[in-house]
Amino acid sequence: GESFTASGKVHAFLWRKAKMSDLGTLGGPSSTALAINEHGQVVGSSSTAAGRTHAFLWQNGEMTDLGTLGRVYSDSGAVAINDRAQVVGDSFKPTVTQTGQPGHAFLWQNGKMTDLGALRGYRDSHAAAINQRGVVVGESIAKTGKRQTVLWRGGKIAPIRTLGGGFSGSIEINDHGQVIGSSVPAGGAVVHAFLWQSGKSLDLGTLGGAESDAAAINENGQIVGVSNTANGARHAVLWTKMGDS
413 GESFTASGKV HAFLWRKAKM SDLGTLGGPS STALAINEHG QVVGSSSTAA
463 GRTHAFLWQN GEMTDLGTLG RVYSDSGAVA INDRAQVVGD SFKPTVTQTG
513 QPGHAFLWQN GKMTDLGALR GYRDSHAAAI NQRGVVVGES IAKTGKRQTV
563 LWRGGKIAPI RTLGGGFSGS IEINDHGQVI GSSVPAGGAV VHAFLWQSGK
613 SLDLGTLGGA ESDAAAINEN GQIVGVSNTA NGARHAVLWT KMGDS
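Residue 413 is where the sequence shown starts when you use the numbering used here, and the numbers rise one by one after that.
Structure below.
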């Protein structure tokens, strides 16, 4: 996560054995940690001495600058890491935030950052998660703002068919290749949580209200998220098997 230092700066931290450790920065004033793997390797983003924002990998007490994709994409940020130390994130233009795009998703492994590209006809891309098999999920984003959930496997990108509406966004993938996220159903106006597996997407429904969102999935296929109830309240949800909540 991140925390304020005594001097008022925001720094990434690691909390372990009841102790919070400052992970430092890449030379700039601030940093934030977004993910950690089973080996205690941490990834996130940090400001640099040159005033840029770069993705980092922290391990064994040292923060390493993962660089950028170059060209117009002079900033970057990491969002996920698996136990093979494969890191995913986005490299983007300095005039926007990491989630604001435009930019391209990247995979960093063995000291090299690779551009994951975007679907044909789409300008930008965003990486959201990576599983232990190195499969990445995220989005391709058109100039119009249209978003299409995608999956990268072995360096190749493919769209994930969601619920048929004009918007979809992936959140997470487990080691069985099950993907969860949010999508507008065909003819609908608001998002529903979905589960994609074996080439098909399932609408996970709601708690009686209009909208639901999936946030995380484990290796048993259990999904957590939020949903509106019939009276408009927003409640936490656990889906224990396909379509059940």
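Ideal Cβ positions, reconstructed from N, Cα and C, are used throughout, including at glycine. Every value quoted in this text rests on a predicted model; they were computed, and no experiment measured them.
Neighbourhood of residue i by C-beta, 7 Å cutoff - its chain only, sequence neighbours within 5 removed
{"i": "residue 439", "result": "460 and 461"}
{"i": "residue 553", "result": "513, 534, 535, 536, 537, 538 and 559"}
{"i": "residue 545", "result": "587"}
{"i": "residue 531", "result": "552, 560, 562, 569 and 571"}
{"i": "residue 585", "result": "541, 543, 547, 549 and 591"}
{"i": "residue 713", "result": "Missing from the structure shown is residue 713; the chain here goes from 413 to 657 and no further."}
Supposed close pair residue i, residue j - CB separation, criterion 8 Å
{"i": "residue 607", "j": "residue 635", "result": "7 Å"}
{"i": "residue 621", "j": "residue 595", "result": "Their Cβ separation, rounded to whole angstroms, is 16 Å, which puts residue 621 and residue 595 out of contact at 8 Å."}
{"i": "residue 467", "j": "residue 515", "result": "Residue 467 to residue 515, Cβ: 12 Å. No contact."}
Residue i - DSSP class collapsed to helix/strand/coil
{"i": "residue 534", "result": "coil"}
{"i": "residue 640", "result": "strand"}
{"i": "residue 592", "result": "strand"}
{"i": "residue 610", "result": "coil"}
{"i": "residue 604", "result": "strand"}
{"i": "residue 500", "result": "strand"}
{"i": "residue 451", "result": "coil"}
{"i": "residue 621", "result": "strand"}
{"i": "residue 655", "result": "Because residue 655 sits at a pLDDT of 47, beneath the cut-off of 50, its placement in the model cannot be relied upon, and the point is left open."}
{"i": "residue 521", "result": "strand"}
{"i": "residue 438", "result": "strand"}
{"i": "residue 463", "result": "coil"}
Contacting residues, own chain, Cβ-Cβ under 8 Å from residue i (five flanking each side not counted)
{"i": "residue 449", "result": "493, 494, 495 and 497"}
{"i": "residue 597", "result": "575, 576, 577, 604 and 615"}
{"i": "residue 590", "result": "607, 608, 609, 629 and 633"}
Beta-carbon contacts of residue i that lie in its chain and below 6 Å, excluding the five residues immediately before and after
{"i": "residue 511", "result": "Its pLDDT being 49, under 50, residue 511 is placed unreliably by the model, and the measurement read from it follows with that caveat. Closer than 6 Å at the Cβ level, and outside the excluded window around residue 511, lies no residue."}
{"i": "residue 471", "result": "453"}
{"i": "residue 548", "result": "500, 539, 542 and 564"}
{"i": "residue 415", "result": "425"}
{"i": "residue 602", "result": "622 and 623"}
Residue i: CB within 6 Å of a non-hydrogen atom of the ligand ATP
{"i": "residue 459", "result": "The model on display carries no ligand, and the ligand ATP is accordingly not part of it."}
| field | Cβ contact check for the stretch 478-488 and the stretch 425-437: 3 or more pairs under 8 Å | value | no
| task | Could you pull out every unbroken beta strand (DSSP E) segment of at least 3 residues lying fully inside the stretch 474-498, listed in chain order? | result | 474-479 and 487-493
| query | Taking the runs of the beta strand (DSSP E) that are 3 residues or longer, which of them lie wholly in the stretch 532-579? | reply | 536-542, 548-553, 559-565 and 568-571
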